[in-house]
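Colleague:
Shown next as structure tokens:
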């Protein structure tokens with residue numbers, strides 16, 4: 108019954124959307140054969156000019172249609188663009204996107220890296236409003252709820268050309284959203300892209316670059332990631348790397364660690380760490396405190412920025428809490444017998460630079476902590492500043508390392 | 007003395023840059039050649055972009071006799087000549103007219119939606135409302151342009167002001 112509440116409004120909105128939707132037809136394709144020829148583009152331009160001059164507007168296209176037709180002719184070879192998204196689905200674009208709803212912040216962040224104007228985004232998920240420091244330009248953008256509780260009326264009210272959803276995260280919720288949007292208006296293209304996993308992030312960037320005709324920007328972003336990842340891979344492959352240090356990783360929930368299958372586990376290994384709970388059957392095990400001591404980690408990394416450890420990050424909340432948090436961690440009963448504590452290799456890492464697209468910055472910190480003598484040229488604070496200023500267009504001062512890691516390098 | 011010469015050189019470079027930038031930024035420049043036989047030949051040099059629409063208004067009673075574009079890319083209707091520019095860098099057309107006078111025209115760039123007026127050769131850089139203009143070195147330039155002066159005059163004004171400021175500093179020191 109609850110699922111039907113939005114139906115009347117949906118039907119009403121469908122009329123509005125159906126009138127404005129144009130995803131199904133290619134602008135300038137006058138004979139409807141899915142091929143925009145030079146002659147058709149020329150005819151569209153001449154009709155537009157005649158109408159603008161007051162010579163008659165019968166069948167005259169809107170200016171945006173002519174601009175889109177020129178883009179399709181030059182960049183798409185006069186054909187609809189086929190895009191395979193991260194879910195492996197082939198989506199067909201019949202015109203450049205001008206109005207999109209983005210329901211995952213990682214994709215929104217990546218779109219900003221690709222210089223896609225915020226004016227193109229007509230609605231975002233509710234979590235964007237909780238990040239005013241990082242997404243200041245979207246604070247007045249309408250919210251469409253979350254993937255777990257989507258506001259369909261708001262999605263359709265935005266008259267989007269496309270909606271962006273996760274590919275693999277909460278796949279069931281996203282599948283349902285996709286189906287309902289399709290039922291309401293099949294002309295709205297739903298793209299499934301994660302922009303979340305390290306192993307697929309660069310592919311996701313390339314897909315987004317293709318969708319928005321921003322390949323130059325996507326190439327630059329991919330290169331930025333590749334340089335760091337290559338540095339890590341080359342360093343770890345060298346004899347100087349030696350054996351990988353034993354690492355205890357803990358999330359912001361005390362004693363909650365990471366096992367195989369989790370993103371955290373993969374990220375520890377990507378930086379050359381040997382997860383002491385790699386034998387865990389659970390992806391996110393709550394571990395026995397005694398087991399940590401007995402497994403003698405050489406490095407401890409605790410994630411902060413949420414739960415009882417909500418401080419630091421882009422919100423700059425209570426940055427002075429880093430020191431006491433580290434002292435509390437190192438002072439746990441029996442931890443003075445852990446090599447990581449006795450050697451001063453216990454670190455706090457903010458989740459903002461370890462999850463989502465910014466994982467690359469966290470990786471750089473991990474590599475420095477795991478191999479202080481090997482990755483001497485890796486400069487995580489500089490990397491962070493470059494990311495926020497060059498790709499995110501933010502003040503590099505927001506990447507102050509004292510808000511993201513402890514101890515500060 | 008050397009420092010003084012360097013400053014003068016810098017001022018000269020600024021002056022030249024100011025003169026050159028607006029000319030290079032001009033979107034479509036028209037050269038019209040009126041022959042004795044009553045046929046006017048017009049050449050448009052396009053530097054605003056690759057995909058443009060140009061509308062030229064020819065004098066009353068004039069008739070377009072030819073256009074270098076393929077037939078599908080131009081259309082003459084009354085005093086209007088509409089042209090679709092698809093990567094051509096120059097276009098020429100001719101019209102016969104018993105009345106002397108140059109055409110007037112506007113262009114739209116379908117790559118980015120910018121627009122402007124077709125400008126006669128020698129009068130380059132005067133933008134129409136909403137036309138994109140390259141960033142100018144200072145608000146002095148902007149003010150001079152908005153006041154209706156040509157960019158050359160605006161450039162001269164800026165250079166003169168810069169030089170005057172330099173002289174004042176030198177003299178006040």
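Protein chains in written order, with the working numbering: chain A, 108 to 516; chain B, 7 to 179.
For glycine and all other residues, C-beta sits at the position ideal for the given N, C-alpha and C.
Since we're looking at a predicted model, the values are computed, not measured.
#1: From what residue to what residue does the alpha helix (DSSP H) around residue 371 of chain A run?
#2: Is residue 500 of chain A helix, strand or coil by DSSP?
#3: Rounded to whole angstroms, what's the CA-CA distance from residue 485 of chain A to residue 113 of chain B? Just pull it up for me.
#4: Note down, in chain order, each residue of its chain lying with its Cβ closer than 6 Å to the Cβ of residue 136 of chain A, except the 5 sequence neighbours on either side.
#5: Inspect the beta-carbon positions of residue 492 of chain A and residue 506 of chain A and report whether they are closer than 7 Å.
#6: Do three or more CB pairs link the stretch 457–470 of chain A to the stretch 301–321 of chain A at distances below 8 Å?
#7: Check the Cβ-Cβ distances between residue 59 of chain B and every residue of chain A, and say whether any is below 7 Å.
#8: Tell me whether residue 71 of chain B is buried or exposed, calling it buried when 16 or more other Cβ atoms sit within 10 Å of its Cβ.
#9: Provide the residue span of the beta strand (DSSP E) that contains residue 38 of chain B, from first to last.
#10: Can you look up residue 273 of chain A in the DSSP assignment and give me helix, strand or coil?
#11: Is there a Cβ of chain A sitting closer than 7 Å to that of residue 95 of chain B, yes or no?
#12: Is residue 79 of chain A close to chain B? Criterion is C-beta to C-beta, closer than 7 Å.
#13: Does DSSP classify residue 52 of chain B as helix, strand or coil?
#14: Taking the continuous beta strand (DSSP E) assigned at residue 88 of chain B, which residues delimit it?
#15: How do the stretch 86–94 of chain B and the stretch 44–58 of chain B stand: do at least 3 beta-carbon pairs fall below 8 Å, yes or no?
#16: 7 Å is my cut-off, CB to CB: does residue 312 of chain A come that close to chain B?
#17: Report the option in A:222, A:219, A:223 and A:215 whose CA atom is closest to the CA atom of residue 235 of chain A.
#18: Looking at the C-beta of residue 83 of chain B, does it have a partner C-beta in chain A at a distance below 7 Å?
#19: Are at least three pairs of beta-carbons, each pair with one atom in the stretch 432–445 of chain A and one in the stretch 367–380 of chain A, less than 8 Å apart?
#20: Is there at least one Cβ from chain A nearer than 7 Å to residue 138 of chain B's Cβ?
#21: Does the beta carbon of residue 116 of chain B sit closer than 7 Å to a beta carbon anywhere in chain A?
#22: Going by DSSP, what residue range makes up the beta strand (DSSP E) through residue 81 of chain B?
#23: For chain A, find out if any of its Cβ atoms is closer than 7 Å to the Cβ of residue 110 of chain B; answer yes or no.
#24: Inspect the beta-carbon positions of residue 459 of chain A and residue 414 of chain A and report whether they are closer than 7 Å.
#25: Quick check on residue 417 of chain A: does DSSP put it in helix, strand or coil?
#26: Any Cβ of chain A within less than 7 Å of the Cβ of residue 123 of chain B?
#27: What are the residues in the stretch 65–92 of chain B lying within 7 Å of chain A by C-beta distance?
#28: Going by DSSP, what residue range makes up the beta strand (DSSP E) through residue 99 of chain B?
#29: Mind listing which residues of the stretch 31–55 of chain B have their C-beta closer than 7 Å to chain A's C-betas, in chain order?
#30: Is any beta-carbon of chain A found at less than 7 Å from that of residue 119 of chain B?
#31: Compute the Euclidean distance between the alpha carbons of residue 229 of chain A and residue 120 of chain B, then round it to the nearest angstrom.
#32: Which residues in chain B have a C-beta closer than 7 Å to the C-beta of residue 410 of chain A? List them in chain order.
#33: Is the Cβ of residue 169 of chain A closer than 7 Å to any Cβ of chain B?
#34: Which residue marks the beginning of the alpha helix (DSSP H) containing residue 263 of chain A, and which one marks its end?
#35: Starting from the Cα of residue 418 of chain A, find the closest Cα among A:502, A:429 and A:408 and give me that residue.
#36: Check each candidate in A:494, A:407, A:490 and A:501 and name the one with the smallest Cα separation from residue 514 of chain A.
Modeller: According to the data block:
#1: For this step, residue 371 of chain A is matched to residue 264 along the first chain. Element bounds for residue 371 of chain A: 370–377.
#2: Along the first chain, one-based indexing puts residue 500 of chain A at 393. Correct three-state label for residue 500 of chain A: coil.
#3: Looking up residue 485 of chain A in the first chain gives position 378. Looking up residue 113 of chain B in the second chain gives position 107. So the two alpha carbons sit approximately 51 Å from each other.
#4: In the first chain, residue 136 of chain A corresponds to position 29, counting from 1. Once the five neighbours on either side are set aside, the close Cβ partners of residue 136 of chain A are 143.
#5: Taking the first residue of the first chain as position 1, residue 492 of chain A is located at position 385. Taking the first residue of the first chain as position 1, residue 506 of chain A is located at position 399. Yes, the Cβ-Cβ distance between residue 492 of chain A and residue 506 of chain A is below 7 Å.
#6: yes
#7: Here residue 59 of chain B is taken as the residue at index 53 of the second chain, counted from 1. Yes, residue 59 of chain B lies at the interface with chain A (some Cβ there is under 7 Å from its Cβ).
#8: Taking the first residue of the second chain as 1, we reach residue 71 of chain B at position 65. Looking at its Cβ environment, which holds fewer than 16 other Cβ atoms inside 10 Å, residue 71 of chain B is exposed.
#9: The count along the second chain starts at 1 and reaches residue 38 of chain B at position 32. Per DSSP, residue 38 of chain B belongs to the beta strand (DSSP E) from 34–40.
#10: Here residue 273 of chain A refers to the residue found at position 166 of the first chain. If DSSP states are grouped into helix, strand and coil, residue 273 of chain A belongs with coil.
#11: The residue you call residue 95 of chain B lines up with position 89 of the second chain. By this cut-off, residue 95 of chain B is not an interface position.
#12: Past the edges of chain A, shown from 108 to 516, lies residue 79 of chain A, and the structure says nothing about it.
#13: Stepping through the second chain from its first residue, residue 52 of chain B is reached at position 46. Three-state result, residue 52 of chain B: strand.
#14: As a first step, residue 88 of chain B must be located in the second chain, where it is residue number 82. Residues 86–92.
#15: yes
#16: Here residue 312 of chain A corresponds to residue number 205 of the first chain, with the count starting at 1. Output row for residue 312 of chain A: interface = no.
#17: Working through the first chain from its first residue, we reach residue 235 of chain A at position 128. Looking at the Cα atoms, A:215 is the closest of the given residues.
#18: As a first step, residue 83 of chain B is located in the second chain; it is residue number 77 there, counting from the start. So yes, residue 83 of chain B belongs to the interface.
#19: no
#20: Here residue 138 of chain B is taken as the residue at index 132 of the second chain, counted from 1. Residue placement at residue 138 of chain B is poorly supported in this model, since its pLDDT is 42, which falls under 50; the coordinates are not used for a value here.
#21: For the purposes of this step, residue 116 of chain B is identified with residue 110 of the second chain, where counting begins at 1. Cβ-Cβ to chain A under 7 Å: yes for residue 116 of chain B.
#22: Along the second chain, one-based indexing puts residue 81 of chain B at 75. Start and end: 80–83.
#23: Here residue 110 of chain B refers to the residue found at position 104 of the second chain. No, residue 110 of chain B lies away from the interface with chain A (no Cβ there is under 7 Å from its Cβ).
#24: Taking the first residue of the first chain as position 1, residue 459 of chain A is located at position 352. Taking the first residue of the first chain as position 1, residue 414 of chain A is located at position 307. Against a cut-off of 7 Å, the Cβ pair of residue 414 of chain A and residue 459 of chain A comes out as no contact.
#25: In the first chain, counting from the first residue as 1, residue 417 of chain A sits at position 310. Looking at residue 417 of chain A - three-state DSSP - the assignment turns out to be coil, as it is neither helix nor strand.
#26: Taking the second chain and counting its residues from 1, the one referred to as residue 123 of chain B is at position 117. It does not: the Cβ of residue 123 of chain B has no partner Cβ on chain A nearer than 7 Å.
#27: 78, 79, 81, 83, 86, 88, 90 and 92
#28: Numbered from its first residue, the second chain carries residue 99 of chain B at position 93. Unbroken beta strand (DSSP E) run through residue 99 of chain B: 96–102.
#29: none
#30: Walking along the second chain from the start, residue 119 of chain B turns up at place 113. Chain A, which has a Cβ nearer than 7 Å to the Cβ of residue 119 of chain B, makes this yes.
#31: In the first chain, residue 229 of chain A corresponds to position 122, counting from 1. In the second chain, residue 120 of chain B corresponds to position 114, counting from 1. Between residue 229 of chain A and residue 120 of chain B, the C-alpha separation is close to 24 Å.
#32: Stepping through the first chain from its first residue, residue 410 of chain A is reached at position 303. Those within 7 Å of residue 410 of chain A in chain B number zero; the least Cβ separation is about 44 Å.
#33: The count along the first chain starts at 1 and reaches residue 169 of chain A at position 62. Output row for residue 169 of chain A: interface = no.
#34: Within the first chain, numbered from 1, the residue matching residue 263 of chain A stands at position 156. Start and end: 259–264.
#35: Indexing the first chain from 1 puts residue 418 of chain A at position 311. Comparing Cα positions, the closest option is A:429.
#36: Locating residue 514 of chain A in the first chain gives position 407, where the first residue counts as 1. Comparing Cα-Cα distances from residue 514 of chain A to each of A:494, A:407, A:490 and A:501, the minimum goes to A:407.
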